[in-house]
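Our numbering puts the last residue of the sequence shown at 155; the count rises by one with no breaks.
From the three backbone atoms N, C-alpha and C, an ideal C-beta is built for every residue, glycine too.
Just so it is clear, the structure is predicted and the values come from calculations on it, not from any experiment.
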Amino acid sequence: TKREISMDELSTHDNPESCWVLFYDQVYDLTEHAYRHPKIGKAAIHPYCGINGTDAFSNVHEKSYLESIDDLNVGTLEATNSPGSSPTEPPQASNRHFR
């Protein structure tokens, strides 16, 4: 069941063993999907665990692609945390590296 997820909760899923990523206002559990990602695999996803991956995602995918992974959608970002609805934007990836 999909539910509202806070940025605080999203940020706790910030590693390869529990990797949730925000795309637009939706949160996806990409823990297993990261290992099936075509081409560069987990390296394409792990830097975005626990944060907003929208910019990186939109650089290589159409938004409609999210329909194909809807089964990985765990919820919607709480309205008070949605990008553009508060002065604090969800964090973006910086120099995070996972092996």
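Helix or strand or just coil, what does DSSP make of residue 106?
Translated into positions along the sequence shown, residue 106 becomes position 50. If DSSP states are grouped into helix, strand and coil, residue 106 belongs with coil.
Chain C contact for residue 101 (CB, 9 Å cutoff)
This model lacks chain C altogether; it includes just one protein chain.
I'd like to confirm the pairing. Which residues does DSSP put opposite residue 115 in its beta bridges?
Looking up residue 115 in the sequence shown gives position 59. Residue 115 pairs with nothing; no bridge assigned.
Continuous alpha helix (DSSP H) stretch holding residue 86: start and end
As a first step, residue 86 must be located in the sequence shown, where it is residue number 30. Looking at the DSSP string, residue 86 is not in any alpha helix (DSSP H), and its letter there is neither H nor E.
Residue 66 bridges to which residues according to DSSP?
Translated into the one-based positions of the sequence shown, residue 66 becomes position 10. For residue 66, which the question treats as bridged, DSSP gives no partner whatsoever.
Determine the DSSP secondary structure at residue 154, reduced to helix, strand or coil.
As a first step, residue 154 is located in the sequence shown; it is residue number 98 there, counting from the start. Unreliable placement is indicated for residue 154, whose pLDDT of 40 sits below 50; the coordinate value is still reported in the next sentence. Of the three classes helix, strand and coil, the one that applies to residue 154 here is coil, per DSSP.
As a quick exercise: from 104, 80 and 78, pick the residue whose alpha carbon is nearest that of residue 160.
Not covered by the structure: residue 160. The range shown for the chain is 57 to 155.
Between residue 69 and the rest of its own chain, which residues show a CB-CB distance below 7 Å, the 5 nearest in sequence each way excluded?
Mapped onto the sequence shown, residue 69 falls at position 13. Same-chain partners within the cutoff: 75, 76, 105 and 106.
Cβ contact check for the region 77–87 and the region 118–128: 3 or more pairs under 8 Å
yes
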